[in-house]
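Taken in sequence, the protein lines are chains A, B and C. Everything in the first sequence is counted per the numbering used here, starting at 1 for the first residue and increasing by one. Everything in the second sequence is counted per the numbering used here, starting at 209 for the first residue and increasing by one. Everything in the third sequence is counted per the numbering used here, starting at 689 for the first residue and increasing by one. C-beta: ideal position from N, C-alpha, C; glycine also. Below is one structure, written out as structure tokens; the observations come after it.
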Amino acid sequence: MIASASYTVIFYLLAALAVLLSLAVVNAWKLLRAAIALMGVLSMSAGLYVMLDASFLAGVQVLVYVGGIVVLIVFAVMLTRSAELLQDNPAPLRKILGAIASLAFLAATVGVFRSSPFLLSAEKAPLRDNTTLIGEKLLDYGAGGYVLPFEIISLLLLIAIIGGIVVARKTEPQGQPFTTGGDEAGEAEFRPPFTQEEHEDELELVEK
Amino acid sequence: MLMLPEIIVVLTAGVVLCLDLFLTERSRVILAPVTLLGLALGFAALLVTPQTGDLLGGRFGMDPIAWWFKVIFLIAGFVTVILSMDLLDGRAAHRMRGIGFRGEYYTILLSTIVGMMFLISARETITLYVSLETATIPLFVLTAWRRDHVQSGEAGLKYVIIGALASAFILYGLSILYGLTGQTSIVGMSAKLADVPRPAFWLAAAMLMTGVGFKLTIVPFHMWAADVYEGAPAPVTAYLSVASKAAGLAFMFQVFYRIFGSELAGWTPLIAAFAAVTMSLGNLVAIVQDNIKRFMAFSAISQAGYLILGFLGPADNGVPAMLFYMLVYILSNLAVFACIVWYSNETGRERIEEYRGLSLTNPIMALGMMIALFSLAGIPPLSGFVGKFFLFSIAAKAGYNWLVAVAAVNSTISLFYYLRIVRQMYIEPIYEGAGTLPVRYTVAATVGLLSLAVALMGVIPYFYETIHAQTITWLASLIG
Amino acid sequence: MTEFLAQHTPTLTHWLYLSTLLFSIGLYGLLTRRNAVGILMAVELMLNSAALNFVVFNRFCAPATVDGQIMAIFVIAAAAAEVVVGMAIFVALYRYRGTVDVNAMDTMKD
């Protein structure tokens, strides 16, 4: 009885923390604080995963989501060194409309979940460790295995890395003048955006 | 070897990426031909692979519908590479800043094609979701490819946000479906869906519809398309308007026919409403557009409205009609975009009135563009008419006569605005001192072949018959 | 007290309320944030709540399998790819424009 009582307590504790922190994510004025709050929400979710008998997933969540993705966001926020990037305060009207829309969504979804009985399974979780089962499934190429998405996502991650490098890279491709891409102070003034008119001027020069 | 086409395309991506390491900037012109060769080999492999069967214990399935979708994806990819070649290897690349990294560009393009091919062959929701992401996420990068170009970056930003939003909705919908059925396999889900609680099912369907709406630019979810299409580099816009739309259709097909199946029946009024609003709004806004890429974005939105008419009918009529129209649409749209890309590369002009006098300087390109535009408008002898006719007849059979009337009116309106471009090309006076613009033979051949195909497919109903027969076979196998 | 708590262990519906609440908060952030990085963080909240949903359903509706957990792993990986690409685009655009405020993204409006 103590065990299930503490289960309840921990659930509501983690849930409340997750909700509060996610409110902080969407409301914090400073983006860096929002990123830290996001880290908190994701850690709380990892705790919830443990309560759902998904301890391997909890580990993945902490390592990849908290340790990787959020750290990347924090890096991106800090590397750009901008006061503007750190601040974010929406207009009141926008807040009200956003609140109405999301509350409507919440009400609709909660209504649906109240009225539809999901088919609960009486089965108990298998005695075997979940982690072993996940590992086997991910590399299983028979029926019920997931080797195909496993391979596809490796392609996706590779492409994301390549694409990220190309897009965020500072140097110009070979054969073109080197710039720092606007990182040096005052560079933006030297090099205004390449406009359509300029484009045409250059064309006329070429044609002449 | 059912997966051979996919494997060849993935290997090509790897070869292009590795080859890029060892080449000097000047010799990187061979990357595009290598990519084209890979896609052609993939296409050849697709022709020899059996059209039915499955692999990996039924986790990768092949049937005639998947086969036709893969044909569409490969053609779209092939033509896009030809168009990209004109931008990246041509004179334009020296003029524009932030264009480059050809090896990476082709690798990323190839990987989206692979994602789309797996998308239509997926037989469980995890592969479905992962391949949808693989088909979409690289497109964000391609959209923002011109790093020193404000509009390209802005388009990329908007596309990332909308794409992530759409995938969040799709994912939440899929999670409810998983909860209702307790499994991930598409066949298993669809078997169990008949007796699940209705409200939760509707919620899942609505969320999936929202996500798909973003991908297919159905009207309340279309607002991103114009900016993204305008800002992206022109070949990428071409690719977005055809392949990304085809992938959206493939996903919708997987969800609506394979998972929902007969549960779809109650949906038709909603789809009819979406179709009517989408085609009307896309058309009305297209009339006032000035930039040709933005114009094509709204044209593509209204075409999506026609396209989803196929979901009104039963699968054995609807799917072949949609596939045929999709094929016609990508051929016509790519022909138009080939001209747009070429004209923009040669002159930097992207506004509609700047197309004046094109028929005098480059008559063949103007003719090709005119045929393609007329096909998009649905002028009788061309294939666009046949495609629209099939789709409209499905709506009529389903009892939506008002919708057919709306669609017919919209076709007439669209004829008016497509004629605007033709008028600029054929009637308006030429620019002073404008001479014949050079055309690469690859682009000229592409425009010629595509417009020829567009014209012929309207005359020869062979394609439709083939698709039709094969769909019937697939349905028979599903029932039997 | 202990008895009351023990009798009220969270059921499936409670878990679903939690995940839908998180999703709605993410939706709110998506609609109100002006900064693209803020919007992306809100989308991460939504993706996380969808992943939570998968694990919850896995635990309550199909405990003998691990399909939902595997889906959650793929969701995390796909989210990583999305964030990498998104951040790269934002940083590149920021260098050039000096802002990632979505309200300022209007160079293409007519």
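Hey, how far is the Cα of B/L545 from the Cα of B/R234?
Translated into positions along the second sequence, residue 545 of chain B becomes position 337. Translated into positions along the second sequence, residue 234 of chain B becomes position 26. Before going further, note that residue 545 of chain B is Phe rather than Leu in the sequence given. Answer to the nearest angstrom: the Cα atoms are 27 Å apart.
Closer than 7 Å by C-beta to B/V444: which residues in its own chain qualify, once you throw out the five before and the five after it? Chain order, please.
On the second sequence, position 236 is the one that residue 444 of chain B refers to. Excluding positions up to five away in sequence, the list reads L350, T351 and W353.
Express the C-alpha separation of B/I328 and B/V340 in angstroms, rounding to a whole number.
Taking the second sequence and counting its residues from 1, the one referred to as residue 340 of chain B is at position 132. Taking the second sequence and counting its residues from 1, the one referred to as residue 328 of chain B is at position 120. The identity of residue 340 of chain B in the sequence shown is Leu, whereas the question assumes Val. Taking the straight line joining both Cα atoms gives about 9 Å.
Quick check on this structure: which residue in C/A694, C/H702 and C/A750 has the alpha carbon closest to the alpha carbon of A/V110?
Taking the first residue of the first sequence as position 1, residue 110 of chain A is located at position 110. If we check each option's Cα against that of A/V110, C/H702 comes out closest.
Touch test, the stretch 413-422 of chain B against the stretch 452-467 of chain B, Cβ-Cβ under 8 Å, three pairs minimum
yes
Contact criterion: CB-CB distance below 8 Å. Does C/Y705 meet it with respect to chain B?
Here residue 705 of chain C refers to the residue found at position 17 of the third sequence. Not an interface residue.
Hey, out of C/I764, C/E691, C/L700 and C/G714, whose CA is closest to A/L120's CA?
For the purposes of this step, residue 120 of chain A is taken as residue 120 along the first sequence, with counting starting at 1. Comparing Cα-Cα distances from A/L120 to each of C/I764, C/E691, C/L700 and C/G714, the minimum goes to C/L700.
Looking at chain A, is there any beta carbon in it that lies within less than 8 Å of the beta carbon of C/N736?
What you label residue 736 of chain C is simply residue 48 of the third sequence in a count that begins at 1. Interface residue, yes.
Name, going along the chain, the residues of the stretch 46-67 of chain A whose beta-carbon falls closer than 9 Å to a beta-carbon of chain B.
none
Three-state secondary structure assigned by DSSP to B/M633:
The residue you call residue 633 of chain B lines up with position 425 of the second sequence. Residue state, collapsed to three classes: helix.
Less than 8 Å between the C-beta atoms of B/L542 and B/L373, yes or no?
Locating residue 542 of chain B in the second sequence gives position 334, counting from the first residue. Locating residue 373 of chain B in the second sequence gives position 165, counting from the first residue. No; because the gap between Cβ atoms is not below 8 Å, this pair is not in contact.
Cβ of A/I162 within 8 Å of any chain C Cβ
Taking the first residue of the first sequence as 1, we reach residue 162 of chain A at position 162. Not one chain C Cβ lies under 8 Å of A/I162.
For a contact meaning CB atoms closer than 7 Å, what does C/L693 contact in chain E?
Of the protein chains in this structure, namely A, B and C, none is chain E.
Rounded separation between B/I548 and B/A442 - CA only:
In the second sequence, counting from the first residue as 1, residue 548 of chain B sits at position 340. In the second sequence, counting from the first residue as 1, residue 442 of chain B sits at position 234. About 8 Å.
B/V322: contacting residues in chain A (beta-carbon distance under 9 Å):
Residue numbering aside, residue 322 of chain B sits at position 114 when the second sequence is read from its first letter. The contacting residues are I152 and L155.
How many Å lie between A/L48 and A/L14 at the Cα?
Translated into positions along the first sequence, residue 48 of chain A becomes position 48. Translated into positions along the first sequence, residue 14 of chain A becomes position 14. For A/L48 and A/L14, the distance between alpha carbons rounds to 7 Å.
Helix, strand or coil for A/M39, going by three-state DSSP, please let me know.
Along the first sequence, read from residue 1 onward, the residue named residue 39 of chain A stands at position 39. In the structure shown, A/M39 sits in a helix (DSSP, three-state: H, G or I).
So which residues of chain A does C/V754 contact, with C-beta pairs closer than 7 Å?
Here residue 754 of chain C is taken as the residue at index 66 of the third sequence, counted from 1. By Cβ distance, chain A contributes N130, L133, I134 and K137.
Mind checking which residues open and close the alpha helix (DSSP H) that includes B/D228?
Stepping through the second sequence from its first residue, residue 228 of chain B is reached at position 20. Looking at the DSSP string, the run of the alpha helix (DSSP H) that includes B/D228 is L212 to F230.
Helix, strand or coil, according to DSSP, for A/L129 in the structure here?
For the purposes of this step, residue 129 of chain A is identified with residue 129 of the first sequence, where counting begins at 1. The sequence given here places Asp at residue 129 of chain A; Leu does not occur at that position. A/D129 falls in the coil class under three-state DSSP.
Since B/R267 and B/T335 should fall inside the 8 Å C-beta cutoff, what is the C-beta to C-beta distance between them, to a whole number of angstroms?
Within the second sequence, the letter at position 59 stands for residue 267 of chain B. Within the second sequence, the letter at position 127 stands for residue 335 of chain B. Right, the Cβ-Cβ distance comes to about 7 Å (below 8 Å), so this counts as a contact.
Identify the continuous beta strand (DSSP E) that holds B/M715 and give its terminal residues.
Nothing about residue 715 of chain B can be read from this structure; chain B reaches only from 209 to 688.
Between the C-alpha atoms of A/Y7 and A/M51, what's the straight-line distance to the nearest angstrom?
In the first sequence, residue 7 of chain A corresponds to position 7, counting from 1. In the first sequence, residue 51 of chain A corresponds to position 51, counting from 1. Cα to Cα, A/Y7 sits roughly 8 Å from A/M51.
Applying the criterion that 16 or more other CB atoms from any shown protein chain within 10 Å of the CB defines a buried residue, is C/C749 buried or exposed?
Within the third sequence, residue 749 of chain C is the residue found at index 61, counting from 1. Buried: at least 16 other Cβ atoms inside 10 Å.
How is B/E332 classed by DSSP in three states: helix, strand or coil?
As a working note, residue 332 of chain B is residue 124 in the second sequence. Three-state DSSP puts B/E332 in a strand.
Check whether B/G666 and B/S601 have beta carbons under 8 Å apart:
Within the second sequence, numbered from 1, the residue matching residue 666 of chain B stands at position 458. Within the second sequence, numbered from 1, the residue matching residue 601 of chain B stands at position 393. No; because the gap between Cβ atoms is not below 8 Å, this pair is not in contact.
CA-to-CA distance, B/L531 to B/I394, given in whole angstroms:
One-based indexing of the second sequence puts residue 394 of chain B at position 186. One-based indexing of the second sequence puts residue 531 of chain B at position 323. So the alpha carbons of these two residues sit roughly 21 Å apart.
Along the chain, where does the beta strand (DSSP E) containing B/L263 start, and where does it finish?
Translated into positions along the second sequence, residue 263 of chain B becomes position 55. Residues G261 to L263.
Outcome for A/E187 when other beta-carbon atoms lying within 10 angstroms are tallied against a minimum of 16:
Taking the first residue of the first sequence as 1, we reach residue 187 of chain A at position 187. Residue placement at A/E187 is poorly supported in this model, since its pLDDT is 39, which falls under 50; the coordinates are not used for a value here.
Could you tell me which residues DSSP pairs with C/D789 in its beta bridges?
As a position in the third sequence, residue 789 of chain C is number 101, starting the count at 1. Paired residue(s): C/N723.
Can you tell me whether A/F178 is buried or exposed, with buried defined as 16 or more other CB within 10 angstroms of its CB?
Stepping through the first sequence from its first residue, residue 178 of chain A is reached at position 178. Summary for A/F178: the model assigns pLDDT 42, below 50, so the residue's position carries little reliability; its value from the coordinates is reported in the next sentence. A/F178 is exposed by the Cβ-count criterion.
Could you check what DSSP says for B/R559 in three-state terms: helix, strand or coil?
Within the second sequence, numbered from 1, the residue matching residue 559 of chain B stands at position 351. Here B/R559 sits in strand by DSSP.
Are the Cβ atoms of C/E732 and A/L72 separated by less than 8 Å?
Your numbering for residue 732 of chain C matches position 44 in the third sequence. Your numbering for residue 72 of chain A matches position 72 in the first sequence. Contact flag unset, no.
Same chain only: Cβ atoms within 6 Å of B/T342, ignoring 5 sequence neighbours per side
As a working note, residue 342 of chain B is residue 134 in the second sequence. The residues are G323.
Can you find a CB in chain B that lies within less than 8 Å of the CB of A/I73?
The residue you call residue 73 of chain A lines up with position 73 of the first sequence. Not an interface residue.
Between B/I560 and B/I629, which are expected to be in contact by the criterion C-beta below 8 Å, what is the C-beta distance as a whole number of angstroms?
Indexing the second sequence from 1 puts residue 560 of chain B at position 352. Indexing the second sequence from 1 puts residue 629 of chain B at position 421. So it is a contact: roughly 6 Å between Cβ atoms.
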